[in-house]
Amino acid sequence: MPDRPFLSVIIPTFNRWAYLEKVLRALAEQDLQKDFFELIVVDDGSRDETPREMATFSGLQNLRYVRKENSGPADAKNLGIYMAKGKVVLFLDDDDIPARSLLSTHLATHQQNPDPSVAVLGYTELAEELKTDPLLRYVTTVGYQYCCYPLFEDGSLLDWQAFWGGRSSVKRSFLLEHDGLFNPIFKFHEDIELGLRLSSHGLKVLFNKKARSILVRNPGFDGICKRELVKGKYHYLLSYLYDHPQLRKYTRNWEKKWRILSFFHEQGYESVKKLHESIQWRIKEGLELDGATETTLFSAYKRVFESFYYKGMSEGPQLVEELGKKGYLVACRRKGKVLFMCRDSPLALAGARKRKQGHPFAGKSGGQAGAEKIFIQLGSYWKEPISKARGLFSGKKRLFPPGLFKGIKNLFLFLNK
């Protein structure tokens, strides 16, 4: 029996007990020896029956449950990282049912690839009852709004864009060594932002199709629209904070595209939603979707999802300004490094080390220092802005979106006095 588990499974959850229970039951049936792994459920302030049911849940002995105030998936995952005892941490969505060999496959893949910088991406397939849904077929195999597995070859090494938080595992030591926490200002794409930061330390993502889980929740048409809206907004934030070719590709000519799409946005949404509902009714009645109808439907999906994505882009500058005013951006734009939040964070304390004012991690082992970093970064500072902020934009006290004025050096500098 090992002194500590080899694998820590971190499951952030919010108001999804109906799915979470199925996930936990499936984890109880894993073919991996029980003392080889632990389960950590982080409840992000659920208001459904999750707290009550988890208090009496007895299906797993190696389960730890913690409840916190609602603050988003990034905070929940960070708390899970802090609590984890395993050498490898696996992030699992609360609506994906793991196949019986999921955990053993992830762990074996890491044992075969001991390089600390190698993470593992598993494969999530649609539940049988969802495979006939044209919407889910479109977003998973054509438009790739939900995932893009057809573009990946099994066993291939992928870049940071494949570090998907609900089906990826990574060595905990690699996270601790490189300040690998999720940035809680990201309410979406927190995994991609972390992957981008870790890529500067050599992160590689190995795709293993045998590490299977099953998507059982249908997000629906409105769910995909909302997802694209939020995706566009946080793609804008990513491109604002980091200068990267792929991010420039995301945001290229977005203003022009949104100007065109905005004219039909509301009417297009209503029309496509009616078409979608009509098709869903036909399928429930047992009617098959012919090729011409499917082509028309997929074309409509493409247009409306693009519209929501670029609408999200158009809301990106407001998001950046709001975060700046709250004191949540401590960064030089286009420098490729983001120092986020707080006077007491390890990043903010780096200056104390340079000034020889007694850095709290000085003289401590890497493991001890890493653990204390995690502890400090989980403090209340996520929601507390630094005491004083100054916006330096040629005398203008506001945070301008990128490209608004040529020749203005965008700098948001926070001073802690």
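Counting from 1, one number per residue, gives the positions in the sequence shown under UniProt numbering. The beta-carbon is built from N, C-alpha and C at its ideal position, and this holds for glycine as well.
Cutoff 6 Å; reference residue i; Cβ partners in own chain excluding five residues on either side
{"i": "R64", "result": "I40"}
{"i": "S101", "result": "D31"}
{"i": "G367", "result": "The pLDDT assigned to G367 is 38, lower than 50, so where the model puts this residue is not dependable; a value taken from the coordinates is nonetheless given after this. So no residue of the chain qualifies."}
{"i": "S104", "result": "D31, L32"}
{"i": "K335", "result": "Low local confidence applies: a pLDDT of 39 at K335 is under 50, so the model's placement there is unreliable, with the coordinate-based value given in what follows. For K335, where only same-chain residues beyond five positions count, there are no Cβ hits under 6 Å."}
{"i": "L323", "result": "I185, L329"}
{"i": "P150", "result": "T141"}
{"i": "V42", "result": "P12, V66, A76, L79, G80"}
{"i": "V205", "result": "A119, L121, L158, A162, F163"}
{"i": "A99", "result": "R212"}
{"i": "F14", "result": "D44, S46"}
{"i": "F57", "result": "none"}
{"i": "S271", "result": "none"}
{"i": "residue 447", "result": "The structure shown does not extend to residue 447, since the chain is modelled only from 1 to 417, so the question has no answer here."}
Contact set for residue i: own chain, Cβ-Cβ below 7 Å, skip 5 residues either direction
{"i": "S156", "result": "F207"}
{"i": "E193", "result": "N183, F186, L238"}
{"i": "E306", "result": "L261"}
{"i": "D133", "result": "N218"}
{"i": "G395", "result": "Residue placement at G395 is flagged as unreliable, the pLDDT there being 33, under the threshold of 50; a coordinate-derived value is accordingly withheld."}
{"i": "R16", "result": "D94, D95"}
{"i": "N113", "result": "L206"}
{"i": "K356", "result": "In this predicted model, K356 has a pLDDT of only 37, less than 50, meaning its place in the structure is not dependable enough to derive any value."}
{"i": "V139", "result": "Q145, Y146, I224"}
{"i": "A55", "result": "none"}
{"i": "A300", "result": "V272, L275"}
Integer-rounded CB distance, given that residue j should sit under 8 Å from residue i
{"i": "E125", "j": "I214", "result": "6 Å"}
{"i": "H265", "j": "L135", "result": "The pair is not a contact, with the Cβ atoms about 19 Å apart (cut-off 8 Å)."}
{"i": "residue 420", "j": "D94", "result": "In the structure displayed, the chain extends from 1 to 417; residue 420 sits before or after that span and is not available."}
{"i": "T109", "j": "A211", "result": "7 Å"}
{"i": "H235", "j": "M313", "result": "7 Å"}
{"i": "L229", "j": "F298", "result": "Actually they are not in contact, since the Cβ atoms of L229 and F298 sit about 20 Å apart, beyond 8 Å."}
{"i": "V320", "j": "Y240", "result": "5 Å"}
{"i": "D24", "j": "G59", "result": "Correcting the residue type first, residue 24 is Leu in the shown sequence and not Asp. About 6 Å; that satisfies the 8 Å criterion."}
{"i": "K302", "j": "F221", "result": "Wrong, their Cβ atoms sit about 13 Å apart, outside the cutoff."}
{"i": "S8", "j": "A84", "result": "4 Å"}
{"i": "G165", "j": "E190", "result": "7 Å"}
{"i": "A145", "j": "R252", "result": "The question names Ala, but residue 145 is Gln in the sequence shown. That pair is no contact at about 18 Å."}
{"i": "K209", "j": "Y123", "result": "4 Å"}
{"i": "L203", "j": "W160", "result": "6 Å"}
{"i": "K231", "j": "Y310", "result": "Wrong, their Cβ atoms sit about 11 Å apart, outside the cutoff."}
Extent of the continuous alpha helix (DSSP H) run through residue i
{"i": "F37", "result": "Where F37 is concerned, there is no enclosing alpha helix (DSSP H), although the beta strand (DSSP E) it sits in stretches over 37-43."}
{"i": "V139", "result": "134-141"}
Chain B contact for residue i (CB, 8 Å cutoff)
{"i": "C148", "result": "Included in the structure is just one protein chain, with no chain B present."}
Where the beta strand (DSSP E) containing residue i begins and where it ends
{"i": "R167", "result": "167-171"}
Cut-off 8 Å between Cβ atoms - residues of its own chain near residue i, not counting five sequence neighbours on either side
{"i": "V216", "result": "Y19, K22, D95, D96, I97, A127, L130"}
{"i": "T293", "result": "I279"}
{"i": "P5", "result": "D35, F36, F37, E38, N62, K85, G86"}
{"i": "P2", "result": "D35, F36"}
{"i": "K233", "result": "F188, G312, M313, E315, G316, L319"}
{"i": "C225", "result": "Y269, V304, F305, F308"}
{"i": "G68", "result": "Sequence inspection shows Lys at residue 68; the Gly mentioned does not correspond to that position. The answer, listed in chain order, is V42, D43, D44, G45, D75, A76, L79."}
{"i": "H178", "result": "R197, L198, H201"}
{"i": "E288", "result": "none"}
{"i": "R167", "result": "F91, L92, D93, D96, L121, G122, Y123, T124, A211, S213"}
{"i": "Q246", "result": "Q161"}
{"i": "Y250", "result": "H235, L238, S239"}
{"i": "H106", "result": "L7, V88, L90, V120, G122, S169, N208, A211"}
Distance cut-off 7 Å: residue i Cβ against heavy atoms of the ligand NAP
{"i": "Y328", "result": "No copy of the ligand NAP appears in this structure; indeed no ligand is present at all."}
- Message: I'd like the ranges of any beta strand (DSSP E) spanning at least 3 consecutive residues and lying wholly in the region 177-234.
- Response: 204-215
- Query: In chain order, which continuous runs of the alpha helix (DSSP H) of length 4 or greater are located wholly inside the UniProt domain "Glycosyltransferase 2-like" (8-121)?
  - Reply: 17-27, 50-56, 73-83, 102-112
- Could you tell me whether the region 77-89 touches the region 164-173, using the rule of 3 or more Cβ pairs below 8 Å? yes
- Can you check the region 233-320 for any alpha helix (DSSP H) of at least 4 residues that lies completely inside it and give the ranges in chain order? Within the region 233-320, the complete alpha helix (DSSP H) runs of at least 4 residues are 245-251, 254-262, 265-284.
- Message: With a threshold of 8 Å, are at least 3 pairs of Cβ atoms found where one atom belongs to the region 51-64 and the other to the region 113-129?
- Response: no
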